[in-house]
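S.K.: What follows is a single structure, and I will ask about it in a moment.
Residue numbers (this note's numbering), protein chains in the order written: chain P, 1 to 345; chain S, 1001 to 1345.
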């Protein structure tokens, strides 16, 4: 069986067309998702392997994307070990008792296979459905710094004041926190690969809230440790964050196979900062809100900036916005498959 | 009378110490501000020249900063012409009927001196109080693109989906909207200078939500037009936005005297992108939340990155956070005055 085009592009190998998938392709922008899920908590939907696998498959069927991404959330393993996480619609993850001191380290126990049995059951169901088309499933987790931001801040923030206070005032405790998160993250990702995920994305969504010095000192080592802990699995890893233009060269040293580039950075510039590694990105999701013609035009701009060197995976530069018309994404998949030339032989 | 150090630094001239002021120095972080203002709407406080001038003066007295900044808000002129703006505590500006189409252009009538008489009365009072110390007052306004974001989105957003939809789908209407905002912004800033403001800051706070192409096409020309419309006044202008690392070289072409650099970008790197112009910035406000010792340490890092070339105005890389201990800012002013060497002869 052929190695799928997505996995080859992750390795910088030649491909017959540029592969494409969309962050948050499984979710609110799809009418079939809204019909299936109703208005309950996203954690309830994730806890049900039949629903979660169906949601994972919906965009694969509709768009013909080159990879599926597991329908999950970066707080899932912490919810699973009873850290006290809820995801509030329209607000995001909220922690009943945020991480505040040494005593809270014990609340971050090792993750067992049983804790996330619902996730691996979902992976099993999806992998079976994807077998015929040989479409790879991407598993994912949050990077330790980004997870720490949620656990310490307790709710979404723009300022990151509490987490920055902790890292600068008590770097030892911060380090201990990140070590716990590294272990949990590695376990969570390994379970997903054990059950058939063929690539892994690590979301360091809030890395862009750090200066270069802070990123190097407080976030990058933990991300390196996670990727080190996966290396024997032999699956490609993608490291992605938002607002990371100043950090891309540092992120490229974390050991991932691919670096995701958010839409703030022009893709040609992003490739220069990342160096020879394959990149993923980076259409502004807001450009998909103005109809097919303008969406396709914007996608073509990304393809031009991607160039013709191997190692471009087309994606948005952030998640699909809820108001996106699926027809626009369908048109973009067609154009990327027909016109994307990066690495085509 | 000596030309104040702040104004000389804006011109890249030699100074006896690096000047310093803080964005949002007048506001919630000061106990004397909270005591004076209570819990009413910020627009009510701004409408009262006695209160607004006192709030403007409070940080000047406490910190001994090298410039005052008018206590105001970028929506003030639009509130004044009855566009229907309110500032909701904890949420930000909210527009009852957001800008949606050609018909709404008529709601953006020219700004008269009478519309903003409360603002110029505040300027009068502040300028009189500042006379003895020869401390300059900085006036300010929002840049047209950022104001347009508020007027079109209707409330604070992370996605900028509606404004981006408008600019790409109807660039002519978007252009007409920005032309109206250019006129109003120029008038508003000229009134402030007429009454004694000696420098002007233009906040393009949301410019960082744009790609380079979008910034060049949709935001930069309007900012250039504003600065052009002020050039005969001979006062220094400072152009600032958040998350503008990718845009700094373009912002440097807008014609302002100084470019503000947010804290995401290392200041030495920021100076390289801006070129020979003076720069203002760029301490991460979150670094001021961990006590005097760590705050001063962080300020010293900024001074080192600023180098010894003339043309550095010390500031935060975004506004003072509400939980900031004023003692930390006091300590930072002392250190900048004692140790800041940029342009010192």
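No residue lacks a Cβ here, since even glycine has one placed at the ideal position from N, Cα and C. Every value quoted in this text rests on a predicted model; they were computed, and no experiment measured them.
1) Does DSSP put residue 193 of chain P in a helix, a strand or coil?
2) Just verifying my parser: in three-state terms, what is the DSSP assignment at residue 1140 of chain S?
3) Hey, is residue 1290 of chain S's beta-carbon within less than 7 Å of any beta-carbon in chain P?
4) For the alpha helix (DSSP H) that contains residue 312 of chain P, what are its first and last residues?
5) So, at 6 Å on beta carbons, what are the nonlocal neighbours of residue 53 of chain P in its own chain, with the 5 sequence-adjacent residues on each side left out?
6) Looking at the C-beta of residue 246 of chain P, does it have a partner C-beta in chain S at a distance below 7 Å?
7) Please compile the residues from chain P whose C-beta is within a distance smaller than 9 Å of the C-beta of residue 1120 of chain S.
8) If you compare alpha carbons, which of P:207, P:10, P:19, P:31 is closest to residue 323 of chain P?
9) Exposed or buried, which one is residue 1149 of chain S when buried takes at least 16 other CB atoms within 10 Å?
10) Over what stretch of residues does the alpha helix (DSSP H) that includes residue 122 of chain P continue unbroken?
11) Check whether the Cβ of residue 350 of chain P lies closer than 7 Å to any Cβ atom in chain S.
12) Give me the subset of the segment 1156 to 1179 of chain S whose CB atoms are less than 8 Å from a CB atom of chain P, sorted by chain position.
13) What number of angstroms, rounded off, separates the C-alpha of residue 1177 of chain S from the C-alpha of residue 1183 of chain S?
14) Leaving aside the five residues before and after residue 1310 of chain S along the sequence, list all residues of the same chain whose C-beta is less than 8 Å from its C-beta, in chain order.
15) Return the chain-ordered list of same chain residues with a C-beta closer than 7 Å to the C-beta of residue 75 of chain P, the five sequence neighbours on each side being excluded.
16) Are at least three pairs of beta-carbons, each pair with one atom in the segment 1226 to 1242 of chain S and one in the segment 1252 to 1263 of chain S, less than 8 Å apart?
17) What are the residues in the segment 210 to 230 of chain P lying within 9 Å of chain A by C-beta distance?
18) Pick out the complete beta strand (DSSP E) segments inside the segment 236 to 284 of chain P, 3 residues or longer, and give them in chain order.
19) For residue 271 of chain P, go through chain S and note every residue whose CB falls closer than 9 Å to its CB, in chain order.
20) How long is the line joining the alpha carbons of residue 1153 of chain S and residue 1284 of chain S, rounded to whole angstroms?
21) Note the first and the last residue of the continuous beta strand (DSSP E) segment covering residue 1199 of chain S.
22) Would you identify the three-state DSSP class for residue 68 of chain P, choosing helix, strand or coil?
23) How should residue 61 of chain P be labelled, buried or exposed, when 16 other C-beta atoms within 10 angstroms of its C-beta is the threshold for buried?
24) Go to residue 346 of chain P, then tell me how far its beta strand (DSSP E) extends in each direction, as first and last residue.
25) Kindly say whether residue 286 of chain P, judged by its beta-carbon, lies nearer than 7 Å to any beta-carbon of chain S.
26) I believe residue 287 of chain P touches residue 294 of chain P by the beta-carbon criterion, under 8 Å. Please report the beta-carbon distance rounded to the nearest angstrom.
27) What is the rounded straight-line gap between the Cα of residue 68 of chain P and the Cα of residue 120 of chain P?
28) What residue range is occupied by the uninterrupted beta strand (DSSP E) comprising residue 1094 of chain S?
29) On a CA-only basis, which of P:83, P:158, P:129, P:135 is nearest residue 111 of chain P? Give me that one, please.
30) State yes or no: is the beta carbon of residue 321 of chain P nearer than 7 Å to at least one beta carbon in chain S?
31) Can you check which of these residues, S:1109, S:1181, S:1209, is closest to residue 1157 of chain S by C-alpha distance?
32) Hey, out of P:78, P:246, P:282, P:254, whose CA is closest to residue 1268 of chain S's CA?
33) Are the beta-carbon atoms belonging to residue 1116 of chain S and residue 1080 of chain S less than 7 Å from one another?
34) Using a Cβ-Cβ cut-off of 8 Å (strictly less than) and excluding sequence neighbours within five positions of residue 1041 of chain S, which residues of its own chain qualify?
35) Starting from residue 1063 of chain S, trace the alpha helix (DSSP H) in both directions and tell me its first and last residue.
36) Buried or exposed for residue 1214 of chain S, going by 16 or more other Cβ atoms inside 10 Å?
M.R.: Taking the geometry as given:
1) helix
2) strand
3) yes
4) Premise fails: residue 312 of chain P lies in the beta strand (DSSP E), 312 to 316, not in any alpha helix (DSSP H).
5) 122, 125, 126
6) yes
7) Here the premise fails: no neighbours, minimum Cβ distance about 33 Å.
8) P:31
9) buried
10) 117 to 130
11) What is shown of chain P runs 1 to 345, which leaves residue 350 of chain P out entirely.
12) 1159, 1160, 1161, 1164, 1165, 1168, 1169
13) 10 Å
14) 1009, 1012, 1013, 1014, 1015, 1278, 1342, 1343
15) 85, 87, 93, 150
16) yes
17) Considering every chain present, this structure includes no chain A. Its protein chains are P and S.
18) 237 to 240, 258 to 260, 279 to 283
19) Chain S residues near residue 271 of chain P: none, gap ~14 Å exceeds 9 Å.
20) 28 Å
21) 1199 to 1203
22) strand
23) exposed
24) What the structure shows of chain P is the stretch from 1 to 345, and residue 346 of chain P is not part of that stretch, so it cannot be assessed.
25) yes
26) 7 Å
27) 15 Å
28) 1092 to 1095
29) P:83
30) yes
31) S:1209
32) P:246
33) yes
34) 1086, 1087, 1089
35) 1049 to 1063
36) buried
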